[in-house]
Every structure is written in C-alpha cells, then in structure tokens.
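Position 51 of the sequence shown, counting from 1, maps to 674 under this note's numbering, and the rest follow consecutively. By construction, the Cβ of each residue, glycine as well, lies at the ideal position given by its N, Cα and C atoms.
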Amino acid sequence: MKKQLYLLIAAVALLLTACGKYKYESVAGDPLKTRIYTLDNGLKVYMSVNREQPRIQTYIVVRVGAKNDPIETTGLAHYFEHLMFKGTERFGTQDYAAEKPLLDEIEQLFEVYRRTTDPEERKAIYARIDSVSQEASKLAIPNEYDKLMAAIGSDGSNAWTSNDQTVYTEDIPSNQVENWAKIQSDRFAHNVIRGFHTELETVYEEYNMSLTSDNEKVFDTISALLYPNHPYGQHSVLGFQEHLKNPSITNIKNYYKTYYVPNNMAVCLSGDFDPDEMISLIDKYFGTLEPNPELPQFTAPAEEPITAPKTAEVYGLEAAMIWMAWPTAGGAGSEDAEIAQLVGSILSNDKCGLLDVDLTQQQKVLYSGAFDEMMTDRGAIFLLGRPKEGQPLEEVRDLLLAEVEKLRNGEFDEELLQSTIANYKRRQMQIMDSNQGRAMAFVDSFTNGTDWADEVTALDRLEKITKEQVVAWAQKNLGAENYVAVYKREGEDKNQKKIEKPHITPIAANRDVASGFLTEIQQSEVKPIAPQFLDFEKDMSIARTGSDIEVLYKRNETNDLFRLIYCWDFGTENDPALSVMSEYLTYLGTDAHTQEELARAFYDLACDFRVITTLERTYVLISGLGENMQAAMQLAEEALQRSVGDDEILAELKRDLIKGRNDAKLDQSANFRALYNYVRFGSEWVKACTLSDEQLLALDSDDLLAKLRGLNDIEHRILYYGPLSEKQLIAELDENHRVGENLKVVEKAHYPTQPTPSDRVVLAQYDAKQIYYIQCTNLGIPFSTDNDALVALYNAYFGGGMNAIVFQEMREARALAYSAWAELREGTTGKDPYSYSAFIATQNDKMRSAIEAFDEIIENMPRSEAAFNLAKQQLMGNLESQRTTKEDILWAYINAREKGVDCDRDRQLYETLKSLTLDDVVALQQEWVKNRPYNYVILGDRNDIDMEYLKTLGPVETVSQETIFGY
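Next comes the structure, spelled out in structure tokens:
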C-alpha cells in the first residue's frame, strides 16, 4: 500500500530539476517529457523534444487579449497583433532616427482625428495623415519581418488574437534557433508602429469579412447575453466599427508597454532541439527583456445568475439556425471545465450523443450539435440547431431543451460516459502526435494559468467522474430556465453600416532595400541540414491481399492509432448519386444491428467509420485505436454489405438534402466556389456531377444500396497506417475484407478545365458589402515535372506568402484587402494543363482599384533581386528541413503516380532550384503569364459595384444560382 501511494504521489508531483545553471519543472509520467523553465525576468519557457523531423514549432504567447482592450478603443489587442509584424528600430527601417519624427507626427494626427467629428475636417486630417505616411514610407522597409522569416526558412508565419491571449507562431528549421531568438526578442522588446493607416484598413477589411459570417454575429450576440458584465460579452475581438475607424496609437503604445512584458509571456516549443542549448539561447536573447512589476491583474466581474431565458434575434443572408447556451460556474482549469467537456460529448459526439440519436438520426431537425467553450474566466455549454424545411426555430429550441432535460434526468447509461473517456484518450494521442498539438497544449495551459501536472493527469481525473456527478452538475447548471438563445433568421441585416473607403496613396514598397539586421541574419553561418527525399521502395511498401487488392503500407511506430482506407478512383464526377449513397448510409442499420447500435459500437471502440465521396474519389475510412481495428472492420463491412434500406428515411433525407442545397445558396463562400468551378469546368461539368432536384427525388433505395454493396466488387486499393505488421495486416484484410472474384474496372471520368480564348466577365449576384474576385485563365501549357522548380519559385516570389509581391502590393502598400494571392497551378492529373489564378476579397467600392492593381502587377511584374533571393532561400530551407512522414508518405506516392511519376518530385525540384535566377522567373512570367486573356470572376452586389467599369474588361455574363449550382 505504501508503495502504491508513493507511485501515485510521484505521478502527479511537479518535480524541480537542476540542469547546469537552469532549473526546470517536470511531471513524472508526462509522455511529452515537458520541461518548464522560468527565467529571472519571469518569462516562462515550455519545451518538448520530438526528433521526427529537423524542425521546431514555436509559439510565443502573451497572456492578454480582447478582454484587456481599453473600452474607448476596442479591437486594440487584435490590431496591435498586426502591428507586431511591422518591425523595430533595427529592422523594417532604413533610418529610424529620420523616420521617428514622422511616426510621432502621425501618432499625434490620429489623436486629433479621433476627437474630430466634422466630416470635412476629418477628411482634411486624414489627407495629412496620408501625406506624412507617404514621407515615412520612403524610409520604411515593408514586410522586412517576413523577409527575415523567409531568410531562416520559417513556415506558417502568423498570429491570432482571442479574448484571453495573443499568440505568434513560426515553424522553424532546427538549425535556425539562434537567429529566430535574435529576431523575436528584438521584435518583442523594441516594436515600432509604422505603416499604420494601411494596416488599419486591412484590419477593417477583416472586420468586413466578419459581417458576412452569420456564425460570428450569432456568437458575438450570444456572448453578450451570457456575459453582460464581462468584456467577453461587451465587445468582440475585432472591436466596434467606430473604434476601428478612430484608433489611438498612443493607447496602443501604452498597451504594448503594459502587457508585452516577460512576466506576462511564455515561449512554447516542440521539435528537434537540445533543451540545454535551447534554454541558454532563449535566456541570452529574451532574458534581457524588462518585466513589468506593476502588471495589471484582470479580475473577472461577477455576473448575475440567469433566472429566466434571455433571447435575441440576428438577421443575415445565411440559413436560419438557433444557438442556445448555459453559462458554467468556472472557466478553463476549473472543475467545471472537466465535467463540461464530458457533458458536451454526452450531448453530441457525431455518433451516439443524445442529440445525435434522438434528433439528427431521427431526422427531427436538419442538424443538431453541442460543444463546450471554456475561456480563462468563463465558460458555457452551447447547443446548435438548424431547422428542416418549414420548421419554426421555436420547435428546434423545444427539441434541444428536451434533450437537455434527458441529461438532467440521467437518461443515458454509465457505459456512454466510459466510452467518452476512451475517445478522449484517442484524441489526446492524435493531438500529441504533432509538434503543433504539443506546443498548443502548452499555450493553453499558460493562458489559463493551469498547473502542468493537472494537465498531465486530466484523463485520470476524468475517468473517476461518475454518472451521478454529471447528472448533479447538469441539474445545477443546465436548467430549464437559465439559458440564453439567439434566433438567427434569414433577412437583411439592417445594423450593417457602410463606411466609405478613405483615400490611401500606395506606400513605397522599397523591395531592394535591406536593413543591416536582415543582412546580418542572411550572412550568419548555421550548421547545414541535409535534405532527405522519399524513396518509395524503402519508406513504404506495396503488398497484395489474397484477392489481389493492392495495399499501400506504412507502419505507425509512434502510438496505437490506425487509419485503414479503401480507395476507389472515381467519385461524383462519375456518378453524383454516390454522395447521396454515403449520406443515406449514415441513417441505416443492418440486418443485425440498428443504426443506433452501430454508432454506439464504433464509439465504444473509439473508432470511426465513414464513406466519403469527392469529385474524383470514393473512400471508406476506418480509424481509431489499433487494438480495436478487427472489430471496427467487421462492423464496417457489415454496414457496407448488409445495410437495410428504409423508404421513409430516404424520402425524409431527400427533403433535407434539398433544404441543405437551398441553404448553400445563401452562403457567400458556397456561392463563390460554385461560380469559380462553373467558370473553370463549364456548364456540362456542373450538369454531369450534380443531381437536379428532379433526379434527386427520383433516386431509389434499392439502387443506392446496390451502389454501396457493389463497391467491394470494383477495382480499388487499400491504404494502411497503423501499428500492425504488414503480415498481420494482410491476414486481417484476407479475413474481413470480402471482395468479388473478378473485380470490375470503372473508367474514371475526367473533365479538363475550359480554355480561355478571350477576356470575359462572369458575375453572380450576392448581396454583401464585400466582393469575392478571382481572375483566372487556362494556360494550355502541358504538365511536366521539369517545370516544378520554376513554378514553385514564381509562386513564392510573386503570389504565395506575406513576403511575395501580391501581398506587398495589394495589402501592405494599397490596403485593398485582408486576403490576396496569385499562383500558377498544375491540374489534378498529368493530362491537365497549367492554369493561373489571382484572388482578392475586398470592399465593393474598392473593386476597380483591386482589379487595376492586379492587372498592373501581373502584366508588369516588379523585379527585385533581393525579393527573389529571399524566396529562393526560403524554398531551399524548407526542402532541406521538411520531411514527409507517416500516412503522408502513402498519399505522396498516390499523388506522384497520378502525375505519372514514380519518385519524390522534391528531389528534382531541389536540384533544379539551385541554378535558377530571377531572369528565369521573369522569362516564365513573360512566356506563361503576360498578355493572357482572363475570366474576371466576381461574386458581389451588382447594385453596389461599378458595372460600367466591368464592361471595359470584356463581355459581361451574369449567371444565375441555378446555373452555377446545377439545381
């Protein structure tokens, strides 16, 4: 007994270990072997070593977010996140001493601007801001932070802001730790706010994008009902519209000095590094940051208990829905949080939760779901419902409330709770299988102030939670009256305000200028990393079952998870009814099990089973815990071969699918995808891969089941990534995967992209404040792997990342968009020619400026040797340090074979890249891109855009929703 007690204490105790001059905390039994350091200035450093590839995921998290915004300048935390990419006194500038007086003047002008109400006076002040900003931009070096990241081979350079945190992310090669630390420490210690008015307009474009997302509007509204006294509910992360247009640089600077301090920050790392060397370098560069001994401590205000339902209505163009929520007593890290995540899964887990079984599977609503949302100070349980055709939202509400009542009454079995724990274990394995997952666990723990020992032992505590505790918690927190609800109804949102675009003169790009800091980083010597390319004969194997089915095999040597995929090389381009077949299957039982029993059996096994259809392929996916693969396979094969049809279910499904299709017509992104595909592939393609309403209604249950049962008798391949040996796998497949003696061959349908003989404009109507715009063309140039390096280099230089020409011109210099890109694309097969596309989402009254700017830089691509060298350096660095591993090896093999290649294309790309010059990229642009005819594709409100201008681009074709959707 004493020994067991000792082991229990050791498993949860936080150990303090000395290693050289640095002490760190660790937890016995932690599978990540996490080290937690605290520097003398208060900076926390979390580390987990993972040698799988020579890269490191880094997150720098500041424990401050939208809840800390000054009430007079909401949105500040978010737009300061953007300004953290603008540089310091050492980079991003040619001469900071000369630049500083201009930046100080801009700051003072904005203080006057935000206090001025007269429209004409405001325009005059903004004109002065624009003029001074022009002078300052001559001394600045836009995007130099992105150039620094390109120079060290970083990938995924980005950041985000939430209510409680602001996080900066970089995925760096393992040989660039010192350069990364040098750059980041300077960035956090000496930030300079420059390029402010163009970046502010970019933030405003991000705000405009949120106005077309009904989900975001609903979440903001429901948060206001849940947390009326807390900043969580008083304003969104993006802030109020009037504050975004009336910013204060002075407030931003004060915010930066107050919160961006080491005793409010953590560096979170996972990857290939030596911990002792890493902490020494972090201390060297970050240890000099000055702490704030008077760091404000946020105290969450108390909320009045909700004693009667609180409701609100939101209007928007997207489909109707209802959100409901119950507040929890505590936030993340509280006991409430652990029970809340169990409650969320008991209510809905996509298989056998109360809502899944009683509502979704019974086809009582179009969709229902539940989840928990736990922030640092507060949390809530959310329920969502989408109505069927003609169903009132109030009826959906009552159905959701009835399921919550079942939870309060304990109308679920104890075994469901245990299965939920098993599925959490599986999810934990999946998360910890990547550097991103590991490092994000550190980010969340630091943000929420939880003890890492509690995080390590969380599953142990979950396992001890009983049904009685869950029911008692539900009875206390999920009452019949203490909820809030937001009814999202279809209709015009009359609260949206249109703000005219300010006049912004494009700022100087200064592409060929580099600071001494960038030059120093570029010239630094680092230990080289030798690239490793796939050898398909060594890195995977190809086997055959006894029925001669090809099996692509890769062993999982990390954990007990498996993925088994049956793959057919045809999809809805061959037969659009396949998508209905896969959806129909989710509602059916077999001759041995009801649908509810099947779903529950998979959940108990901590396994998934799905039939997925895409345009080009059909998949049967079985995944989960390796120890349960055989049982999962047997259930999956039973579902494939022995499902029992039900005409009533099918009839209801057809009605729901038609409702879902009509709902898609209300969604901006769905409209744009349909429009773009219509332009690329043509009307015949739309007809071929889409069922009309009449065709959908005519589908027969027996025919759909015949398609399902016939899959195993059609030629296919199998992919496996899991812990079984190849011999064990083949034995399992031979025993459980039954196929016909003579497999049929189905020729894959193929629709090439349409030629682009001349300029034309294709316009589809969508009533929104933003247009989605893409100009695209079929180049007609045959695919060849000989072009790989040059195409990759052109994309990196011109249109790909934040250091590319498109991002610099469209976002940084001209403030036309939050998102913009351009790229050369290869087709899906080796038979397809290359195409070219350039995209932007922008305010309606910026359309002409955006199109003209794109045409200018596409036709007359700016030439910069410095930008080219950085793009090439980044590509080379990524190829040297990135590795294709695990299941991705199998897909790399399939994709190579699809293009008629039998080796890793990156090997040739890497060797060719070495000798390419800027002249080669310019020659490609001249031959492939310049003077091409284009399809100018626009989704927008024709009543709010310049139709006369569009006519100057080419003949204007206005297409209906029925044309682009095919129904």
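Classification of residue i by the beta-carbon crowding that lies within 10 angstroms, buried from 16 upward
{"i": "Asp1036", "result": "exposed"}
{"i": "Thr1611", "result": "Residue coverage of the chain in this structure runs from 624 to 1590, which leaves residue 1611 outside it and unanswerable."}
{"i": "Phe1588", "result": "buried"}
{"i": "Thr1581", "result": "exposed"}
{"i": "Glu1160", "result": "exposed"}
{"i": "Asn877", "result": "exposed"}
{"i": "Leu970", "result": "buried"}
{"i": "His820", "result": "buried"}
{"i": "Tyr1572", "result": "exposed"}
{"i": "Met1570", "result": "exposed"}
{"i": "His858", "result": "buried"}
{"i": "Glu1333", "result": "Note that residue 1333 is Gly in the sequence shown, not Glu. Classification for Gly1333: exposed."}
{"i": "Ser1504", "result": "buried"}
{"i": "Asn1518", "result": "exposed"}
{"i": "Ile1481", "result": "buried"}
{"i": "Ala1126", "result": "Here the sequence assigns His to residue 1126, which means Ala is not the residue at that position. Exposed."}
{"i": "Asn798", "result": "buried"}
{"i": "Leu1320", "result": "exposed"}
{"i": "Gln1041", "result": "exposed"}
{"i": "Gln1291", "result": "buried"}
{"i": "Asp663", "result": "exposed"}
{"i": "Phe1431", "result": "It should be pointed out that residue 1431 corresponds to Gln in this sequence rather than to Phe. Burial call: buried."}
Close Cβ partners of residue i (< 8 Å) along its chain, the five nearest in sequence each way excluded
{"i": "Leu628", "result": "Legend: pLDDT at Leu628 = 37, less than 50; position of this residue unreliable, value from coordinates given subsequently. Nothing meets the Cβ criterion."}
{"i": "Ala1415", "result": "Leu1498, Leu1532, Leu1536"}
{"i": "Val800", "result": "Ile679, Phe896, Glu900, Met901, Leu904"}
{"i": "Ile1188", "result": "Tyr1242, Val1243, Leu1244, Ile1245, Ile1341, Leu1342, Tyr1343"}
{"i": "Glu1521", "result": "Thr1451, Thr1452, Gly1453"}
{"i": "Ile962", "result": "Ile1088, Gln1092, Val1093, Trp1096"}
{"i": "Tyr1559", "result": "Asp1382, Arg1383, Val1384, Val1385, Tyr1396, Gln1398, Ile1474, Leu1573, Leu1576, Gly1577"}
{"i": "Gly856", "result": "Ser846, Ala847, Leu848, Leu849, Tyr850"}
C-beta contact flag for residue i and residue j at 8 Å
{"i": "Phe1069", "j": "Lys667", "result": "yes"}
{"i": "Thr1465", "j": "Ile1561", "result": "no"}
{"i": "Pro1199", "j": "Thr1313", "result": "yes"}
{"i": "Ala1097", "j": "Arg1020", "result": "no"}
{"i": "Gly1305", "j": "Leu989", "result": "no"}
{"i": "Gly862", "j": "Asp692", "result": "yes"}
{"i": "Val1309", "j": "Tyr1299", "result": "no"}
{"i": "Ala1594", "j": "Gly953", "result": "Absent from the structure is residue 1594, since the part of the chain shown begins at 624 and ends at 1590."}
{"i": "Tyr1226", "j": "Leu1352", "result": "no"}
{"i": "Tyr1557", "j": "Gln1398", "result": "yes"}
{"i": "Ser780", "j": "Met1433", "result": "no"}
{"i": "Lys840", "j": "Ile945", "result": "no"}
Terminal residues of the alpha helix (DSSP H) in which residue i lies
{"i": "Asp1067", "result": "1058-1071"}
{"i": "Gln1098", "result": "1090-1100"}
{"i": "Asn1401", "result": "Element bounds for Asn1401: not the alpha helix (DSSP H) but the beta strand (DSSP E), 1393-1401."}
{"i": "Pro724", "result": "719-738"}
{"i": "Met1256", "result": "1252-1265"}
Residue i, enclosing beta strand (DSSP E) - first and last residue
{"i": "Glu936", "result": "933-939"}
{"i": "Asn802", "result": "Unbroken run through Asn802 is the alpha helix (DSSP H), 800-812; no beta strand (DSSP E)."}
{"i": "Asn1558", "result": "1558-1563"}
{"i": "Phe1462", "result": "1458-1466"}
{"i": "Tyr660", "result": "658-661"}
{"i": "Asp995", "result": "990-997"}
Own chain, CB closer than 6 Å to residue i, minus 5 neighbours either side, in chain order
{"i": "Asn1365", "result": "none"}
{"i": "Asn1251", "result": "Leu1228, Cys1230"}
{"i": "Thr844", "result": "Ala935, Val937, Val1109"}
{"i": "Glu1479", "result": "none"}
{"i": "Pro1578", "result": "Arg1383"}
{"i": "Glu1261", "result": "Thr1213"}
beta-carbon residue i near the ligand SAH non-hydrogen atom, thresh 7 Å
{"i": "Lys723", "result": "Only the bare structure without any ligand can be found here, which leaves the ligand SAH out of the picture."}
Residues near residue i by beta carbon distance below 7 Å, same chain, minus five either side
{"i": "Gly1194", "result": "Leu1201, Thr1236, Thr1237, Leu1238, Glu1239, Arg1240, Thr1241"}
{"i": "Ala759", "result": "Glu722, Leu725, Leu726, Ile729, Arg817"}
{"i": "Glu1115", "result": "Tyr938"}
{"i": "Arg1167", "result": "Glu1173, Val1174"}
- Sequence ranges, beta strand (DSSP E) only - wholly within the stretch 830-905, length at least 3: The stretch 830-905 contains, as complete beta strand (DSSP E) runs of 3+ residues, the segments 888-894 (chain order).
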